[in-house]
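Enquirer: Once you've had a glance at the structure underneath, I'll fire off some questions.
Protein chains in written order, with the numbering used here: chain A, 74 to 348; chain B, 12 to 323.
Here it is, written out as structure tokens:
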């Protein structure tokens, strides 16, 4: 029993040392501009499972662990907004068994995050779901709403999970809402419609209006495309592609991403001064 | 932060573009039609469905026209794997001039030569549409002298090269908030578009005073007007309706398969946001005036290796 106690104490000590070293590195990084918002296209879970001869779903399981790690690192570095492409509307076209597996896994993880001692709650992370939740089954929808409610008072950071999401769908919904608002204005006898719909009105109606535009959009697994993710919001974002599969993403990848972002920012500022 | 470029083409295109082949006058996607049974049933993303249908049809067309036309392609390029629509953000002209202690105008002129070369290659290799980001909405904030210089360069280019576009069967379309351009320039554009609208061999889309946000907003405004007039309900608005109102409605292939950005900048900079949903992105380190055949070939070869899954 004593041995187990000593072992446990050693492990806790080691974690504290690693966390301290991480904070030192983040302090150095913080000398330069720290992105307020990073978005991730979490690509490579299936490939990870195949590479490690794991069963279906295990790759996504590993991907969830990677996500929680990134959330911790983001909080430590002071990144206020993290957005992830968890499940695209296009992904419904996958094999039904695979979709079912992913949905069950998401449900399980959502319930895990609802717990008071979950990583998100311990680190003060608020969760927001972006996407067409009507496309999800009721238990999943209810679970998502519950998680948003449970974490509503967390204010350290915001993690947006894009589920049943595509950017084009988000824009369409925003346009529909803007048009409906204008239509209602025009119907009211004493009010006159305020003119054509503009950019700000559409942006106000977007699901992602809850966060500023991402400073960086990262895609793992080496692909170089946005795949209908945050098209509107990433108009001026720094795009970064890494060969690492999503479950393999680590602290060092995040450091490298932020360093590259900082180097690019100084280049952009220099270019703007020359205009 | 942005780039700007005029789009004029030289007489040398006459000599470099291949002769039309007798069997390839029809648009590619009309030639062979076969019932598609394995297109996904989801009605949720029409863009993806259309892209997959085009992909299936092109796979059927491989053997038909691959054999005879392959001799015009460089080694390694496969005709069936070429992108139909390439978009380019032509960045780096001013930096190119500064590195050589030349005036900014020289950078733009060098960029024009580069654009001419790429247009020639597209014609030669069978790429159907090339979109270029010539002048962004943000570029209006540049020094007035520079903006005026660019506008006059654009106008001169159009005037000089109209004959070439007609002769070479090239269609020109200009997209963007053209109301901000000088009136004379607007008229030139309208006349050029009208004169070349039936040209079917190759289409050059020039984005002037354009931004991706502007494109979506203007599409939305048109739809809102239709809703106001009772022609549609707000709930009818879907991807297909928006696609029909975007500025890229001027082309048969509105979605770029490949976006190339030069000068080592890793951003889309508000170019064709909606249309780039599934485009493969290629970032080249060289400045636009230095982006020639070798670099273009590298981009196309990289494109060929990409596996496009559209979320599946």
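Even for Gly, the Cβ is constructed at its ideal location relative to N, Cα and C.
Residue 196 of chain A lies in the beta strand (DSSP E); which residues open and close that run?
Expert: Here residue 196 of chain A is taken as the residue at index 123 of the first chain, counted from 1. Looking at the DSSP string, residue 196 of chain A is not in any beta strand (DSSP E), and its letter there is neither H nor E.
Enquirer: Starting from residue 135 of chain A, follow the alpha helix (DSSP H) in both directions and report where the run begins and ends.
Expert: Here residue 135 of chain A refers to the residue found at position 62 of the first chain. Per DSSP, residue 135 of chain A belongs to the alpha helix (DSSP H) from 131-150.
Enquirer: Whole angstroms is fine: what's the gap from residue 249 of chain B's alpha carbon to residue 119 of chain B's?
Expert: Sequence index remark: in the second chain, residue 249 of chain B carries index 238 (1-based). Sequence index remark: in the second chain, residue 119 of chain B carries index 108 (1-based). Each residue's Cα considered, the two are about 40 Å apart.
Enquirer: Tell me the residue span of the alpha helix (DSSP H) that contains residue 91 of chain B.
Expert: Here the question's residue 91 of chain B lines up with position 80 in the second chain. First-last for residue 91 of chain B: undefined, no H or E at that position.
Enquirer: Is there a Cβ of chain B sitting closer than 8 Å to that of residue 313 of chain A, yes or no?
Expert: Translated into positions along the first chain, residue 313 of chain A becomes position 240. Taking Cβ atoms only, chain B reaches closer than 8 Å to residue 313 of chain A, which makes this a yes.
Enquirer: If I follow the unbroken beta strand (DSSP E) through residue 214 of chain B, where does it start and stop?
Expert: Working through the second chain from its first residue, we reach residue 214 of chain B at position 203. 213-221 is the extent of the beta strand (DSSP E) around residue 214 of chain B.
Enquirer: So residue 335 of chain A packs on residue 105 of chain A, CB below 8 Å; how close in whole Å?
Expert: On the first chain, position 262 is the one that residue 335 of chain A refers to. On the first chain, position 32 is the one that residue 105 of chain A refers to. Yes, residue 335 of chain A and residue 105 of chain A are in contact; Cβ-Cβ is about 4 Å, under 8 Å.
Enquirer: Exposed or buried, residue 185 of chain B, counting other C-beta atoms within 10 Å across all chains shown (16 or more means buried)?
Expert: As a first step, residue 185 of chain B is located in the second chain; it is residue number 174 there, counting from the start. Buried, because 16 or more other Cβ atoms sit within 10 Å of the Cβ of residue 185 of chain B.
Enquirer: Measure the C-alpha to C-alpha separation of residue 144 of chain B and residue 188 of chain A and round it to an integer number of angstroms.
Expert: Working through the second chain from its first residue, we reach residue 144 of chain B at position 133. Working through the first chain from its first residue, we reach residue 188 of chain A at position 115. Their Cα atoms are separated by approximately 50 Å.
Enquirer: Give the DSSP-derived three-state secondary structure of residue 252 of chain A in the structure shown.
Expert: One-based indexing of the first chain puts residue 252 of chain A at position 179. Of the three classes helix, strand and coil, the one that applies to residue 252 of chain A here is helix, per DSSP.
Enquirer: Do you know offhand how far residue 124 of chain B's Cα is from residue 113 of chain B's?
Expert: For the purposes of this step, residue 124 of chain B is taken as residue 113 along the second chain, with counting starting at 1. For the purposes of this step, residue 113 of chain B is taken as residue 102 along the second chain, with counting starting at 1. So the two alpha carbons sit approximately 16 Å from each other.
Enquirer: Could you check the C-alpha separation between residue 183 of chain A and residue 253 of chain A for me, to the nearest Å?
Expert: Position 110 of the first chain holds residue 183 of chain A. Position 180 of the first chain holds residue 253 of chain A. Their Cα atoms are separated by approximately 33 Å.
Enquirer: Is the Cβ-Cβ distance between residue 213 of chain A and residue 158 of chain A less than 8 Å?
Expert: One-based indexing of the first chain puts residue 213 of chain A at position 140. One-based indexing of the first chain puts residue 158 of chain A at position 85. For residue 213 of chain A and residue 158 of chain A, no; Cβs fall outside 8 Å.
Enquirer: State the Cα-Cα distance for the pair residue 156 of chain A and residue 302 of chain A, rounded to the nearest angstrom.
Expert: Within the first chain, numbered from 1, the residue matching residue 156 of chain A stands at position 83. Within the first chain, numbered from 1, the residue matching residue 302 of chain A stands at position 229. Each residue's alpha carbon lies about 10 Å from the other.
Enquirer: Taking Cβ positions only, does residue 205 of chain B come closer than 8 Å to chain A?
Expert: The sequence position of residue 205 of chain B within the second chain is 194, counting from 1. Residue 205 of chain B does not count as touching chain A.
Enquirer: Within 10 angstroms of its Cβ, does residue 140 of chain A collect 16 or more other Cβ (buried), or is it exposed?
Expert: One-based indexing of the first chain puts residue 140 of chain A at position 67. Counting Cβ neighbours within 10 Å, residue 140 of chain A comes out buried, since at least 16 surround it.
Enquirer: Please list the partners that residue 245 of chain A has in chain B, where partner means a Cβ-to-Cβ separation under 8 Å.
Expert: Position 172 of the first chain holds residue 245 of chain A. Going along chain B in sequence order, the residues near residue 245 of chain A (Cβ under 8 Å) are 248, 249, 250 and 253.
Enquirer: Can you give me the C-alpha to C-alpha distance between residue 276 of chain B and residue 86 of chain A, rounded to a whole angstrom?
Expert: As a working mapping, residue 276 of chain B is identified with position 265 in the second chain. As a working mapping, residue 86 of chain A is identified with position 13 in the first chain. Their backbone Cα atoms lie some 43 Å apart in a straight line.
Enquirer: Considering only the beta carbon of each residue, do residue 88 of chain B and residue 311 of chain B sit closer than 8 Å?
Expert: Taking the first residue of the second chain as position 1, residue 88 of chain B is located at position 77. Taking the first residue of the second chain as position 1, residue 311 of chain B is located at position 300. Contact: yes.
Enquirer: Is the segment 288-298 of chain A close to the segment 307-326 of chain A, with three or more CB pairs under 8 Å?
Expert: Output reads yes: the segment 307-326 of chain A touches the segment 288-298 of chain A.
Enquirer: Using a beta-carbon distance below 8 Å, is residue 48 of chain B in contact with chain A?
Expert: On the second chain, position 37 is the one that residue 48 of chain B refers to. For residue 48 of chain B, the predicted model reports a pLDDT of 37, less than 50, meaning its position is unreliable; a value from the coordinates is still stated below. For residue 48 of chain B, the answer is no, since every Cβ of chain A falls outside 8 Å of its Cβ.
Enquirer: Below 8 Å CB to CB, which residues in the same chain sit around residue 192 of chain B once its five sequence neighbours on both sides are set aside?
Expert: By 1-based counting over the second chain, the position of residue 192 of chain B is 181. Correct list, in chain order: 162, 200, 219 and 220.
Enquirer: Relative to chain B, which residues along the segment 271-290 of chain A have a C-beta separation below 7 Å, given in chain order?
Expert: Correct list: 271, 272 and 275.
Enquirer: With 8 Å set as the bound, which would you pick, yes or no: does the beta-carbon of residue 335 of chain A sit closer than that to a beta-carbon of chain B?
Expert: In the first chain, the residue the question calls residue 335 of chain A occupies position 262. Not one chain B Cβ lies under 8 Å of residue 335 of chain A.
Enquirer: Counting only Cβ pairs nearer than 9 Å, list the residues of chain C close to residue 248 of chain A.
Expert: Annotation note: the requested chain C is absent from the structure, which comprises protein chains A and B.
Enquirer: Please confirm whether residue 207 of chain B and residue 183 of chain B have their CB atoms less than 8 Å apart.
Expert: By 1-based counting over the second chain, the position of residue 207 of chain B is 196. By 1-based counting over the second chain, the position of residue 183 of chain B is 172. Taking 8 Å as the Cβ cut-off, residue 207 of chain B and residue 183 of chain B qualify as a contacting pair.
Enquirer: Would residue 272 of chain B and residue 149 of chain B be called neighbours here (beta carbons separated by less than 8 Å)?
Expert: As a first step, residue 272 of chain B must be located in the second chain, where it is residue number 261. As a first step, residue 149 of chain B must be located in the second chain, where it is residue number 138. Taking 8 Å as the Cβ cut-off, residue 272 of chain B and residue 149 of chain B do not qualify as a contacting pair.
Enquirer: Within this structure, are the beta carbons of residue 129 of chain A and residue 174 of chain A separated by less than 8 Å?
Expert: Position 56 of the first chain, counted from the start, is the residue given in the question as residue 129 of chain A. Position 101 of the first chain, counted from the start, is the residue given in the question as residue 174 of chain A. For residue 129 of chain A and residue 174 of chain A, yes; Cβs fall inside 8 Å.
Enquirer: At which residues does the beta strand (DSSP E) containing residue 196 of chain B begin and terminate?
Expert: Here residue 196 of chain B corresponds to residue number 185 of the second chain, with the count starting at 1. Where residue 196 of chain B is concerned, there is no enclosing beta strand (DSSP E), although the alpha helix (DSSP H) it sits in stretches over 194-207.
Enquirer: Would you report the Cα separation of residue 103 of chain A and residue 291 of chain A, rounded to the nearest angstrom?
Expert: Against the first chain, residue 103 of chain A aligns to sequence position 30. Against the first chain, residue 291 of chain A aligns to sequence position 218. Each residue's alpha carbon lies about 19 Å from the other.
Enquirer: By Cβ distance below 7 Å, which residues in the same chain neighbour residue 244 of chain B in space, the five residues on each side in sequence not counted?
Expert: The residue labelled residue 244 of chain B in the question sits at position 233 within the second chain. Result list for residue 244 of chain B: 238, in chain order.
Enquirer: Using a Cβ-Cβ cut-off of less than 8 Å, give me the residues of the segment 154-183 of chain A that come near chain B, in sequence order.
Expert: Answer set for the segment 154-183 of chain A: 161, 162, 163, 164, 165, 166 and 167.
Enquirer: Check whether the Cβ of residue 285 of chain B lies closer than 8 Å to any Cβ atom in chain A.
Expert: One-based indexing of the second chain puts residue 285 of chain B at position 274. For residue 285 of chain B, the answer is yes, since a Cβ of chain A falls inside 8 Å of its Cβ.
Enquirer: Among all the DSSP beta bridges, which residues are the ones paired with residue 184 of chain B?
Expert: By one-based count along the second chain, residue 184 of chain B stands at place 173. Answer is B/216.
Enquirer: Between the C-alpha atoms of residue 251 of chain A and residue 232 of chain B, what's the straight-line distance to the nearest angstrom?
Expert: Taking the first residue of the first chain as position 1, residue 251 of chain A is located at position 178. Taking the first residue of the second chain as position 1, residue 232 of chain B is located at position 221. Residue 251 of chain A and residue 232 of chain B: Cα-Cα distance of roughly 10 Å.
Enquirer: Is residue 266 of chain B close to chain A? Criterion is C-beta to C-beta, closer than 8 Å.
Expert: Counted from its first residue, the second chain places residue 266 of chain B at position 255. It does not; no Cβ of chain A falls within 8 Å.
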